[in-house]
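Single-structure report; data block below.
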Amino acid sequence: MLRVRDLVGGYGDFIVLHNITIEVNPGQTVIVVGPNGAGKTTLLKHIAGLLKPKKGIIEFNGQRIDSCSPYKISELGIAFVPEGGRLFPYLSVYENLKVGSYPKHARRTFSEAVEEVFELFPVLKDRRNQLAGSLSGGERQMLAIARSLMAQPKLIMLDEPSLGLAPKIVARVFEFIKEIGTKGYSILMVEQNAKKALQLAEYAYLLESGEITFEGVRDEFLQNPYIKKAYLGI
Amino acid sequence: MVEQVLNAAVNGLLLGGVLALLAFGLNLIFGVVKIIHMAYGQFVMLGFYLIYALTVQLHVPLLISCIIAVAAMGALGVVTQYLLIDPLLNAPRLNQLLALAGLIIIFENLAMVIWGADYRGIPIHFPILNFGSLYLRSSCLFAFFGALATLALLYVFLHKTYLGLAIRAVAQDAEVAQTMGINSRTIYFVTMGAGGALTGIVAAFFTPIYTVHPHFGSSFTIMAFIIVVLGGMGNLLGGFISAFIIGIVTSISAVLTTTEIADIIALLIFVLVMLVRPQGILGTRVA
Chain S
0 MLRVRDLVGG YGDFIVLHNI TIEVNPGQTV IVVGPNGAGK TTLLKHIAGL LKPKKGIIEF
60 NGQRIDSCSP YKISELGIAF VPEGGRLFPY LSVYENLKVG SYPKHARRTF SEAVEEVFEL
120 FPVLKDRRNQ LAGSLSGGER QMLAIARSLM AQPKLIMLDE PSLGLAPKIV ARVFEFIKEI
180 GTKGYSILMV EQNAKKALQL AEYAYLLESG EITFEGVRDE FLQNPYIKKA YLGI
Chain L
0 MVEQVLNAAV NGLLLGGVLA LLAFGLNLIF GVVKIIHMAY GQFVMLGFYL IYALTVQLHV
60 PLLISCIIAV AAMGALGVVT QYLLIDPLLN APRLNQLLAL AGLIIIFENL AMVIWGADYR
120 GIPIHFPILN FGSLYLRSSC LFAFFGALAT LALLYVFLHK TYLGLAIRAV AQDAEVAQTM
180 GINSRTIYFV TMGAGGALTG IVAAFFTPIY TVHPHFGSSF TIMAFIIVVL GGMGNLLGGF
240 ISAFIIGIVT SISAVLTTTE IADIIALLIF VLVMLVRPQG ILGTRVA
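Residue numbers (numbering that gives the first Met the number 0), protein chains in the order written: chain S, 0 to 233; chain L, 0 to 286.
What follows is the structure, encoded as structure tokens:
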């Protein structure tokens, strides 16, 4: 479904990613772990169209998207949940969800989709008219993920959903992500919190200093001695 | 004396309504496109001249002229975005300001060349209404309610339509809005078009009240900017409130003293508010 091949990219002349090759198959949950500054956010930004690669190609369902505008990529079915959620602070919970349904094909299903979200998250329903900037960290992350679902995406990209959240809340957020995965969405998630994130992974990549240094199915990851020591604290 | 002040207060209130429209347009453009439209007053001037040319020189009925002017100014806004602002979106802020300031010179001199320096007016007569000791120009009354109706329509548009929602989203976070399927570039065009159309509407309301000349825009630009900054730049409600404050204060001061001193008082209030609360009445502090 998503193919990134030999991607070289960064910010202007400052190259962050060196020959990145990753793949997400339909319905798969793929996790990219790595330390701070490894380039995880940069990778997702390239796929979302916010940055243009210097070299390499990005393909979605067989179509080249590395030169497309972000809004086109969103219409093709890739949703992006940035770090911290990045909700629209002066729009209400309800309005944030509504923006998520902006693509024409998503507007028809908006009312049902909103009801589903409110059923899953009664707390968001209670706060439906509250400004998004006034929600707690966990609520914001939930809203951001729910917002991304409004567009009826095929692939959901999550940038460090656990960042800044208390462990109990992180567990809930990851539970939710796992549920989304079982519903059939393809998920590409980047995370610093390798231990928790790898529980969700079907396939995983290790990104260090802009390079993929290891990849494999979940058990391969969990059993690799270097990863166990450096990222799982075992 | 009390009657005079009361009259001035009410007339200032009425004027405030139209100023609120101007402030809305400026705030919308600043909030969304993140640009200070230096030539906004000149847009109003051009709209006025257009209505004059159509009505007086080409004998088109006034209402039709106004409608054409609103559409034409909207188109001018889109053209300005296309030729001037879009190419400069990623340029240093100063370049954008200078380019728009350049428009001021172009428009004013264009008006001078085409229509000359004389004051031009449209000969329409609205009656003066009498309510007890209150004397109101019905043209001002009409402008006031027209402005409020326009603002109400704009509010509905921004809050009840997908396009309006997209505009508000882009104003808050253009990058994330793009990832939700919103083409920010299109939104900028729509915003500049709407802002332009607003100047046409303001010009239409001004036709029975003022006469136009090539420097008509300048007198309003300063007032409009004071209102916008006083209310908090980019804040639509703030602009609305401060438009009425400035309208009433200048009107009362003009009656109690002179027009010049009224302007001084308005500016003094502005300076005082800036000293105490630099972000404006409803503005947010940028850390």
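Cβ atoms here follow ideal geometry from the backbone N, Cα and C, with glycine treated the same way. Note that this is a predicted model, so its numbers are computed, not measured.
Beta-carbon proximity of residue i to residue j, cut-off 8 Å
i	j	result
G16(L)	L147(L)	yes
V228(L)	G279(L)	yes
I268(L)	V254(L)	no
F173(S)	L199(S)	yes
A22(L)	F239(L)	yes
N60(S)	Y93(S)	no
Y48(L)	A100(L)	no
L1(S)	T41(S)	no
L206(S)	G55(S)	no
V31(S)	V23(S)	no
T160(L)	L20(L)	no
P88(S)	L123(S)	no
L18(L)	I208(L)	no
N95(S)	L142(S)	yes
I113(L)	V55(L)	no
P69(S)	T178(L)	yes
A203(L)	V69(L)	yes
G132(S)	I168(S)	no
F156(L)	L13(L)	no
Chain-ordered chain L contacts of residue i [CB-CB under 7 Å]
i	result
Y70(S)	Q177, G180, I181 and N182
E159(S)	In chain order: nothing, as chain L lies at least about 15 Å away.
P81(S)	V175
S73(S)	T178, M179 and G180
Residue nearest to residue i in terms of C-alpha spacing, selected from the options
i	options	result
E201(S)	F13(S), I186(S), I56(S) and E210(S)	I186(S)
K97(S)	L164(L), G46(L), P91(L) and G194(L)	L164(L)
I46(S)	G61(S), Q27(S), T28(S) and I72(S)	I72(S)
D218(S)	T181(S), K153(S), G8(S) and L197(S)	L197(S)
A43(L)	S217(L), M232(L), M273(L) and I260(L)	Before going on, a small fix: residue 43(L) reads as Val here, not Ala. Of S217(L), M232(L), M273(L) and I260(L), the residue nearest in Cα terms is S217(L).
F220(S)	G232(S), I211(S) and Y204(S)	Y204(S)
P102(S)	A143(S), L75(S) and G48(S)	L75(S)
Q41(L)	G237(L), P277(L) and V201(L)	V201(L)
V77(L)	V32(L), Y51(L) and G180(L)	V32(L)
E159(S)	G36(S), K153(S) and V3(S)	G36(S)
S147(S)	A78(S), I64(S), I57(S) and K39(S)	A78(S)
L90(S)	A176(L), A38(L) and F224(L)	A176(L)
F117(S)	A145(S), R107(S), A105(S) and K51(S)	A145(S)
V9(L)	D85(L), G73(L), C139(L) and Q80(L)	C139(L)
S66(S)	V80(S), E82(S), L49(S) and P81(S)	L49(S)
G24(L)	L5(L), G195(L) and S132(L)	G195(L)
G84(S)	R139(S), F120(S), K194(S) and Q27(S)	R139(S)
R119(L)	L45(L), L83(L), Y134(L) and I244(L)	L45(L)
D172(L)	S161(S), P81(S) and V3(S)	P81(S)
Contacts that residue i makes with chain S (C-beta to C-beta distance below 8 Å)
i	result
Y161(L)	K97, Y101 and R106
L164(L)	L90, E94, K97, V98 and Y101
Burial state of residue i, where buried means 16 or more other Cβ atoms lie within 10 Å
i	result
A286(L)	Per-residue confidence for A286(L) stands at a pLDDT of 45, beneath the threshold of 50, marking its modelled position as unreliable; the derived number appears in the next sentence. Result: exposed.
I166(L)	buried
P166(S)	exposed
H36(L)	buried
Q3(L)	exposed
T181(S)	exposed
N182(L)	buried
G192(L)	buried
I21(S)	buried
T212(S)	exposed
E190(S)	buried
M331(L)	Because chain L in this structure spans residues 0 to 286, residue 331(L) falls outside the shown range and cannot be described.
Y230(S)	buried
S64(L)	buried
R107(S)	exposed
S132(L)	exposed
7 Å Cβ cut-off: residues of chain S touching residue i
i	result
D172(L)	R85 and F87
Proximal residues of chain L, C-beta to C-beta of residue i below 8 Å
i	result
A150(S)	M179 and G180
Under 9 Å from the C-beta of residue i: neighbouring residues of chain S
i	result
A168(L)	F87, L90, E94, N95, V98 and Y101
Cross-chain neighbours of residue i in chain L, by beta carbon under 9 Å
i	result
L49(S)	E174, Q177 and T178
Cutoff 8 Å: residue i Cβ touching any chain C Cβ
i	result
S217(L)	Structure shown: chain C not included; protein chains present are S and L.
Worksheet entry | In chain order, each beta strand (DSSP E) run of at least 3 residues that lies wholly inside the segment 108 to 143 of chain L | 127 to 130 and 133 to 136
Discussion item. What ranges does the alpha helix (DSSP H) occupy inside the segment 154 to 180 of chain L, keeping only unbroken runs of at least 4 residues that lie completely in it?
Written reply: Those alpha helix (DSSP H) runs which fall completely within the segment 154 to 180 of chain L and span 4+ residues are 161 to 171 and 173 to 177.
Practice prompt. Just list the alpha helix (DSSP H) runs in the segment 178 to 258 of chain L, keeping only unbroken ones of 4 residues or longer that don't cross its boundaries, in chain order.
Written response: 183 to 205, 215 to 230 and 235 to 255
Worksheet item: Along the chain, which unbroken stretches of the beta strand (DSSP E) at least 3 residues long are found entirely within the segment 32 to 99 of chain S?
Response: Qualifying beta strand (DSSP E) stretches, in chain order: 54 to 59 and 77 to 80.
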